[in-house]
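Asker: Handing you a structure now.
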Amino acid sequence: MMTTSETGHRLDIGSINITSVSEGVVRLPMNALFSETSVNVWDPYRDRFSEAFGSSGFMINLGSFVIRPGDRTVLVDTGAGQYSMWPTLWPTIPEATPGPAELMDDLKHNGIEAQDIDTVFLTHLHGDHVGWNLSKEWQNWTPTFPNARDLLQNADWMHFTRPDFLDTGRRRRGGFSIMTWITTISYENATGWLKSLYNRIKGPDDNVDNIMLAHSLRPHSMEGHLALYKNVLHHTANTLPKWYLECLGVYVSLINKCEYCVRHHFEGMKRLLDDGPRSDSVFRALKASEFDSVFDSKESAGLRYAKRLTIQASDVDESAIVDLRSAGFDDGEILEVNQVVSYFAYANRMVLGLGVNTGGDVLGLSPSSGDSSDWSHR
């Protein structure tokens, strides 16, 4: 016997219950999928399938299913995930705009907890079908569904784990990058001045961080960015500890919700501290904006200034400088703190405004020399 629930999201076939759940909706211009088809062709279908059309094009549901045969709970596909960026999932259609990730909330709404899932069945391995297989609590990726066994087609796995496929993804061959929302020029395809800049800043295996690739259409802006970055964070004339300058950058990036900069600079700070437990304590303190149990009074004062300057710069007055002096900063050190906060205001907005993500980056590398003209990363 087949029955449906009042909401239409549940279906019973004999003893098997099927619940439809959703990661949310992606808005997609019609000509992005059907470039040679007039948008007017779709007019007769708008009333009949109103849920599939929005003012700017198609509304595509990222759907999953929970199937419960007897005492089993099977999740079919896991959506786009916790830190999804649609251009990474569907790089040939940069106009696509996803809504917020909703799958985990929808599961809970239907009375299903992550630990209830005993099997995850993946129809295929595109990014918008596997996103919640793992979740991240800061630097640690863990299974979202801890009690589940994952099932997928062997042919799919063999395709997506081929060495040449993985290498293409890492190196962004062909000059097309899926690591930002704008076109970039890869290291392999760079020439002239751009190539020389890449050679100055590249890391192991000719890796160039995506934040620098994002400058590639205007190499002069990359040169300016690198000079600012090197002098503010890594110049030998700075007197504040380098780990603390990185810490300020992590904190500003947390406030601005710039995960790219948080991840890069936390790893850099962690390398400098060379103390995993302390690094984790520092991060928890920054995330909670509760400093006193982890930082000394001077360090805490600098972080409070960074928060004030980041959240509402126009509210900062001379009393903030007086407070920093009272905490033990001299005016040169105050300038260092100010410049780090100001640099990350710039870097965060560049990253967030251009959709820069960490795909293919090597996290935590720093300039390998104190020489202000040496930009290489190791």
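Its first residue numbered -6, the sequence shown is counted upward by one per residue in this note's numbering.
By construction, the Cβ of each residue, glycine as well, lies at the ideal position given by its N, Cα and C atoms.
1) Do T12 and V59 have their C-beta atoms closer together than 7 Å?
2) Among I304, M205, L233, which has the Cα closest to the Cα of T351?
3) So, for I86: in the same chain, excluding its five sequence neighbours on each side, which residues have a beta-carbon less than 6 Å away from its beta-carbon?
4) Going by alpha carbons, who is nearest to V349 out of V69, A299, S209, N192?
5) Can you tell me whether DSSP reads I178 as helix, strand or coil?
6) Consult DSSP for Q110 and reduce its assignment to one of helix, strand or coil.
7) From S286, E44, N10, pick the residue whose C-alpha is nearest to that of D64; which is it?
8) Specify whether the region 335 to 346 and the region 246 to 265 touch according to this definition: at least 3 beta carbon pairs, one from each stretch, less than 8 Å apart.
9) Once you ignore the five residues that flank G1 on each side, which residues in its own chain have a CB closer than 6 Å to its CB?
10) Exposed or buried, M97, counting other C-beta atoms within 10 Å across all chains shown (16 or more means buried)?
11) Among residues of its own chain, excluding the 5 on either side of V34, which ones have a beta-carbon nearer than 7 Å to its beta-carbon?
12) Taking the DSSP output, what are the residues bridged to M52?
13) In the DSSP assignment, what are the bridge partners of L265?
14) Rounded to whole angstroms, what is the Cα-Cα separation between K117 and F153?
15) Give the DSSP-derived three-state secondary structure of I194 in the structure shown.
16) Under the rule that 16 or more other beta-carbon atoms within 10 Å means buried, what is I6, buried or exposed?
17) Determine the extent of the beta strand (DSSP E) in which R65 is found, giving its start and end residues.
18) Identify whether P80 lies in helix, strand or coil by the three-state DSSP scheme.
19) Grab me the residues of Q108's own chain with a C-beta within less than 7 Å of its C-beta, minus the 5 sequence neighbours each way, in chain order.
20) Identify, in the order they occur along the chain, each residue of the same chain with its Cβ nearer than 7 Å to the Cβ of E95, setting aside the five sequence neighbours on each side.
21) Can you find the residues in the same chain that come closer than 6 Å, C-beta to C-beta, to G74, ignoring five residues on each side of it along the sequence?
22) Helix, strand or coil, according to DSSP, for R61 in the structure here?
23) How long is the line joining the alpha carbons of G104 and L4, rounded to whole angstroms?
24) Where does G47 fall in DSSP's three states?
25) Would you call the region 258 to 271 and the region 219 to 238 touching, i.e. three or more CB-CB distances under 8 Å?
26) For the beta strand (DSSP E) holding L115, just list the boundary residues, first then last.
27) Out of curiosity, what's the CA-to-CA distance linking A446 and T135?
28) State the Cα-Cα distance for the pair I314 and D308, rounded to the nearest angstrom.
29) For N10, which three-state DSSP category applies?
30) With 16 other CB atoms within 10 Å as the buried threshold, where does S179 fall?
31) Note the first and the last residue of the continuous beta strand (DSSP E) segment covering D143.
Answerer: Well, looking at it:
1) On the sequence shown, residue 12 is found 19 positions in, with the first residue counted as 1. On the sequence shown, residue 59 is found 66 positions in, with the first residue counted as 1. Yes, they are a contact pair.
2) On the sequence shown, position 358 is the one that residue 351 refers to. Nearest C-alpha to T351: M205.
3) Position 93 of the sequence shown holds residue 86. Note that I86 scores a pLDDT of 48, beneath 50, so its modelled location is shaky; the value from the coordinates is reported in the next line. These residues qualify, in order along the chain: A25.
4) Counted from its first residue, the sequence shown places residue 349 at position 356. Residue S209 is the option with its Cα nearest to V349.
5) Taking the sequence shown and counting its residues from 1, the one referred to as residue 178 is at position 185. Residue state, collapsed to three classes: coil.
6) Stepping through the sequence shown from its first residue, residue 110 is reached at position 117. In the sequence as displayed, the identity of residue 110 is Ile instead of Gln. The answer is coil: DSSP assigns I110 none of H, G, I, E or B.
7) As a first step, residue 64 must be located in the sequence shown, where it is residue number 71. If you compare the alpha carbons of S286, E44, N10 with that of D64, the shortest gap goes to N10.
8) In the pairwise beta carbon analysis, the region 335 to 346 is classified as touching the region 246 to 265: at least three pairs are separated by under 8 Å.
9) Numbered from 1 along the sequence shown, position 8 holds the residue referred to as residue 1. In this prediction, G1 has a pLDDT of 49, which is less than 50 and means its spatial position is unreliable; what the coordinates show is noted afterwards. The beta carbon of G1 lies closer than 6 Å to none in the same chain, with the five residues before and after it left out.
10) Looking up residue 97 in the sequence shown gives position 104. Buried is the call here.
11) Here residue 34 refers to the residue found at position 41 when the sequence shown is read from its first residue. Answer for V34: no residue qualifies.
12) Here residue 52 is taken as the residue at index 59 of the sequence shown, counted from 1. DSSP lists R20 as partners of M52.
13) As a working mapping, residue 265 is identified with position 272 in the sequence shown. For L265, DSSP records no beta bridge to any residue.
14) Here residue 117 refers to the residue found at position 124 when the sequence shown is read from its first residue. Here residue 153 refers to the residue found at position 160 when the sequence shown is read from its first residue. Note that residue 117 is His in the sequence shown here, rather than Lys. Within the model, the alpha-carbon separation for H117 versus F153 is close to 10 Å.
15) On the sequence shown, residue 194 is found 201 positions in, with the first residue counted as 1. Correct three-state label for I194: helix.
16) Numbered from its first residue, the sequence shown carries residue 6 at position 13. Flag for I6 reads exposed.
17) For the purposes of this step, residue 65 is identified with residue 72 of the sequence shown, where counting begins at 1. Unbroken run through R65: none, as it is neither H nor E.
18) Stepping through the sequence shown from its first residue, residue 80 is reached at position 87. Here P80 scores only 44 on pLDDT, less than 50, and its place in the model should not be relied on; the value that follows carries that caveat. In the structure shown, P80 sits in a helix (DSSP, three-state: H, G or I).
19) On the sequence shown, position 115 is the one that residue 108 refers to. The beta carbon of Q108 sits closer than 7 Å to those of P139, N140, all from its chain and outside the five residues before and after it, given in chain order.
20) Residue numbering aside, residue 95 sits at position 102 when the sequence shown is read from its first letter. Excluding its 5 nearest sequence neighbours in each direction, E95 has C-beta neighbours in its own chain below 7 Å: S15, E16, G17, listed in chain order.
21) Along the sequence shown, one-based indexing puts residue 74 at 81. The beta carbon of G74 lies closer than 6 Å to those of G124, W125 in the same chain, with the five residues before and after it left out.
22) Here residue 61 is taken as the residue at index 68 of the sequence shown, counted from 1. Strand.
23) Locating residue 104 in the sequence shown gives position 111, where the first residue counts as 1. Locating residue 4 in the sequence shown gives position 11, where the first residue counts as 1. Taking the straight line from one Cα to the other gives about 15 Å.
24) In the sequence shown, counting from the first residue as 1, residue 47 sits at position 54. DSSP places G47 in strand when its eight states are reduced to three.
25) A contact between stretches requires three or more CB pairs, one per stretch, nearer than 8 Å, and the region 258 to 271 meets this requirement with the region 219 to 238.
26) Residue 115 sits at position 122 when you count from the first residue of the sequence shown. No beta strand (DSSP E) contains L115, which DSSP labels as neither H nor E.
27) Residue 446 falls outside the range modelled here, since the chain spans only -6 to 371, and no answer is possible.
28) Your numbering for residue 314 matches position 321 in the sequence shown. Your numbering for residue 308 matches position 315 in the sequence shown. The alpha-carbon atoms of I314 and D308 are separated by roughly 13 Å.
29) The residue you call residue 10 lines up with position 17 of the sequence shown. N10: strand per DSSP, three-state reduction.
30) To locate residue 179, count along the sequence shown from 1; it is residue 186. Buried.
31) Walking along the sequence shown from the start, residue 143 turns up at place 150. Residues 142 to 144.
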